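Q:
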Amino acid sequence: MAISHTDLRPEPGSFRDPANRVFHAGDDVLRGLDARAAEEWRTLAGTEFFAALLAAGKVCGTEPADPALLPAGAGWTAALRHERIPFVSHPYEWSFSMLRDAALLHLEILRTALPAGFTTKDGSAYNLQWRGVEPVFIDVGSFTPARDGEPWAGYRQFCQTLLYPLLLGAHLGLDFQPWLRARVDGLDADQMRRLFGGARRLRPGVLTHVHLHGAMQSRHADTSTADTRDRLRAAGYSRELGLATVRGLEKLVRRLDPPGTASHWSAYQRTCGYSAGDRAAKEAFVAGALAATPHARLVLDLGANDGRYARLAARHAEYVVAVEQDPAVVDELYRALRAEGERRVLPLVMDLADPSPGGGWRSVERAGFADRAAADVVLALAVVHHLAIGRNVPLPEVVDFLAGLCAPGARIVVEFVHPDDPMARRLLANKPDGLFPDYRRDAFERLLGARGRIERRLELPSGTRTLYAVVVGG
Amino acid sequence: MNHLAYLDAGSGSLIVQAVVGGVAGVAVAAKLYWRRLVDRFRRQPTDQR
Chain A
144 MAISHTDLRP EPGSFRDPAN RVFHAGDDVL RGLDARAAEE WRTLAGTEFF AALLAAGKVC
204 GTEPADPALL PAGAGWTAAL RHERIPFVSH PYEWSFSMLR DAALLHLEIL RTALPAGFTT
264 KDGSAYNLQW RGVEPVFIDV GSFTPARDGE PWAGYRQFCQ TLLYPLLLGA HLGLDFQPWL
324 RARVDGLDAD QMRRLFGGAR RLRPGVLTHV HLHGAMQSRH ADTSTADTRD RLRAAGYSRE
384 LGLATVRGLE KLVRRLDPPG TASHWSAYQR TCGYSAGDRA AKEAFVAGAL AATPHARLVL
444 DLGANDGRYA RLAARHAEYV VAVEQDPAVV DELYRALRAE GERRVLPLVM DLADPSPGGG
504 WRSVERAGFA DRAAADVVLA LAVVHHLAIG RNVPLPEVVD FLAGLCAPGA RIVVEFVHPD
564 DPMARRLLAN KPDGLFPDYR RDAFERLLGA RGRIERRLEL PSGTRTLYAV VVGG
Chain B
466 MNHLAYLDAG SGSLIVQAVV GGVAGVAVAA KLYWRRLVDR FRRQPTDQR
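These protein sequence lines are chains A and B, in that order. Per the numbering used here, residue 144 is the first one in the first sequence, and the count goes up by one each step. Per the numbering used here, residue 466 is the first one in the second sequence, and the count goes up by one each step.
#1: Short check: CB of L196/A to CB of G490/B, under 7 Å?
#2: For P524/A, which of helix, strand or coil comes out of DSSP?
#3: Could you pull the DSSP bridge partners for G502/A from this structure?
#4: Mark G547/A as exposed unless 16 or more other C-beta atoms lie within 10 angstroms of its C-beta, in which case mark it buried.
#5: Going by the beta-carbon positions, is the gap between C203/A and H225/A smaller than 7 Å?
#6: Taking a cut of 8 Å between CB atoms, which residues from the segment 490 to 501 of chain B lie near chain A?
#7: Expressed to the nearest angstrom, what Euclidean distance is found between the alpha-carbon atoms of R599/A and V556/A?
#8: Considering only residues of the same chain and omitting the five flanking positions on each side of E293/A, which have a CB-CB separation below 6 Å?
#9: Just list the residues that DSSP pairs G175/A with in beta bridges.
#10: Quick check on the DSSP output: what are the complete beta strand (DSSP E) runs of length 3 or more inside the segment 568 to 605 of chain A, in order along the chain?
#11: Would you call L345/A buried or exposed, if buried means 16 or more other Cβ atoms sit within 10 Å of its Cβ?
#12: Determine, using beta carbons only, whether V517/B comes closer than 7 Å to chain A.
#13: Please report the straight-line C-alpha distance between T621/A and W295/A, rounded to a whole angstrom.
#14: When every heavy atom of the ligand GDP is checked, does at least one fall within less than 6 Å of the C-beta of S238/A?
#15: Strictly under 7 Å for the Cβ-Cβ distance: is Y380/A near chain B by that measure?
#16: To the nearest angstrom, report how far apart I480/B and D318/A are at their CA atoms.
#17: Using 8 Å for Cβ pairs, my map puts T439/A next to A460/A. What's the rounded Cβ distance?
#18: How would you call R487/A, buried or exposed, if buried means at least 16 neighbouring beta carbons within 10 angstroms?
#19: Are the C-beta atoms of V488/B and some chain A residue less than 7 Å apart?
#20: For H356/A, would you say it is in contact with chain B, using Cβ-to-Cβ distances shorter than 7 Å as the test?
#21: Whole angstroms is fine: what's the gap from V389/A's alpha carbon to L253/A's?
#22: Determine whether the beta carbon atoms of L497/B and A332/A lie at a separation below 7 Å.
#23: Roughly how many whole angstroms lie between the Cα atoms of G511/A and P470/A?
#24: Counting Cβ pairs closer than 8 Å, one from the segment 256 to 268 of chain A and one from the segment 182 to 196 of chain A, do we hit at least three?
#25: Compile a chain-ordered list of the residues in the segment 293 to 313 of chain A whose CB is closer than 9 Å to at least one CB of chain B.
#26: Output, in chain order, the set of chain B residues within a Cβ distance shorter than 8 Å of M241/A.
#27: Whole angstroms is fine: what's the gap from R413/A's alpha carbon to D585/A's?
#28: With burial defined as no fewer than 16 other Cβ atoms inside 10 Å of the residue's Cβ, what is the status of K264/A: buried or exposed?
#29: Given a limit of 8 Å on CB to CB distance, which residues of the segment 150 to 163 of chain A reach chain B?
#30: Does A199/A get closer than 7 Å to chain B when you measure Cβ to Cβ?
#31: Counting only beta-carbon separations shorter than 7 Å, does T371/A have a partner in chain B?
#32: Spell out whether any CB of chain B is found under 7 Å from the CB atom of R413/A.
#33: How is the alpha helix (DSSP H) around A474/B delimited, first residue to last?
#34: Return yes when the Cβ of V541/A is within less than 7 Å of the Cβ of L524/A, no when it is not.
#35: How long is the line joining the alpha carbons of Q513/B and R505/B, rounded to whole angstroms?
#36: What are the residues in the segment 386 to 407 of chain A lying within 7 Å of chain B by C-beta distance?
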């Protein structure tokens, strides 16, 4: 007998295709399919290409489930159960190489689907998620039988959410994250044309995918897509041509290199002045706090930099999300983690003083960072002074922010850099004297004590930094 | 009814895919535009009547 979930919650980001919808029920991720989508799923499940993608982990784990688990009377004739993605992230939190690998996976999936008579209904960056540093295609509802003579319906979306942001990075050296964060549908060709004038038109992919694409869009704005499809079919558009387009896109995307600027933060770990003694003591303290939280599902490493502590955390926890502000540093970390084969750390680009807000329809389609984070351990090593002094965030708010990212009973491992530490002094030198009278160790300790139980504290040998392990609410 | 089309693929975005598909694609695009041109001239005399 089917057990109905009472806490069934529709995924706010899955409403766009009415043929299917994702629901959460506890840790279960379910997908409801209407009659037509159910029929298509049965065909898809019997194909070799789909089985191969599943086996390789390129498509998220999917199995049939009991439709009785879904809301009755909503027209769902079949149900699927998906693998749970450990931490949902958004494309504007990814680094350049992450977005590029996500784009390449989307294209690979399309390239293997087309010869088997399937295509994807869309081409969005939001079709992809991460299992550590492995991209995963999650939108199983996007597969649909291809019709001969029709170009890819997802091409425009692919350009807007994947290709154009990559062109911004590779050709102009711009960080794409703010553009994607501001526009849920990505960048449009018209805006891109203005950025790529003059000789920039000649950069790879620009003339066709940006200028010609944009010109065609304006020229055919009033032509219906049904008419256009009929005309293209009559003119001889073939599946081979579709495949050639996908291969061309793959070739282009592979050629796009990340913007190569040595940034301030990538030198941070090397220049931030920890003595060997401080570093060893800090590592032992952090390892101790992690070991005291067995079976941690999620560790957040805030201000992860080169990922030293994220890697340490991965030895103790199921999954680590390493948050870092500088896209170039995250890109380096991503590539290093992939090279090492570390599969449990997800690096993300985010400014802690400006965490991802909710976005899209009613600001819930793309959940904000705080709504996604329920960590068992939060590591905040050498970040408090950047927020409190560098960004003027009041110290009590910093502590509240850290506590707000915690699951009940979680631990916070936090480093307080004393006002007389060289790094703190450097930040304070840029602000008027006496601006932060409350930035003191005793004040910080009181704030921690009000939100949890200080379990351990350790002053590092240099005497200018103190580490705390705090059990939230404990 | 086209079940694929929950998304507006955009006519311009569909046509440009013929062109980016290489030589064979350019041929399809040329054919597409040739037909449009021929259609326009064929239609003209009837429009004037």
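Don't be surprised by glycine CBs; every beta carbon is placed ideally from N, CA and C. These figures come from a predicted structure and were not determined experimentally.
A: Straight from the coordinates:
#1: no
#2: One detail in the question is off: residue 524/A reads as Leu in this sequence, not Pro. Looking at L524/A - three-state DSSP - the assignment turns out to be coil, as it is neither helix nor strand.
#3: R509/A
#4: exposed
#5: Their beta carbons are under 7 Å apart, which means C203/A touches H225/A by this criterion.
#6: G490, A492, V493, A494, K496, L497, R500, R501
#7: The alpha-carbon atoms of R599/A and V556/A are separated by roughly 9 Å.
#8: Correct list, in chain order: R372.
#9: Residue pairing of G175/A in beta bridges, as defined by DSSP: R164/A, A222/A.
#10: At a cut-off of 3 residues, the continuous stretches assigned as beta strand (DSSP E) that sit fully inside the segment 568 to 605 of chain A are 595 to 602.
#11: exposed
#12: Absent from the model: residue 517/B. The displayed extent of chain B is 466 to 514, so no value can be given.
#13: Beyond the ends of chain A as shown, which are 144 and 617, falls residue 621/A; an answer cannot be given.
#14: Ligands are entirely absent from the displayed structure, and the ligand GDP is therefore not among its contents.
#15: yes
#16: So the alpha carbons of these two residues sit roughly 30 Å apart.
#17: The sequence shown places Ala at residue 439/A, not Thr. Indeed they touch by this definition, with Cβ atoms about 4 Å apart.
#18: R487/A comes out buried.
#19: no
#20: Closer than 7 Å to some Cβ of chain B, the Cβ of H356/A qualifies, so yes.
#21: 7 Å
#22: no
#23: 19 Å
#24: yes
#25: E293, P294, W295, A296, G297, Y298, R299, Q300, C302
#26: Neighbours of M241/A on chain B: none; closest Cβ ~24 Å, over 8 Å.
#27: With a pLDDT of only 49 at R413/A, under the threshold of 50, the placement of this residue in the model should not be trusted, and no figure is reported.
#28: buried
#29: R159, D160, P161, A162
#30: no
#31: yes
#32: Legend: pLDDT at R413/A = 49, less than 50; position of this residue unreliable, no value from coordinates given.
#33: Here A474/B belongs to no alpha helix (DSSP H), and DSSP marks it neither H nor E.
#34: Taking C-beta atoms as the reference points, L524/A and V541/A fail to come closer than 7 Å.
#35: Legend: pLDDT at Q513/B = 49, less than 50; position of this residue unreliable, no value from coordinates given.
#36: For the segment 386 to 407 of chain A, the residues whose beta carbon sits under 7 Å from a beta carbon of chain B are, in order, A387, T388, G391.
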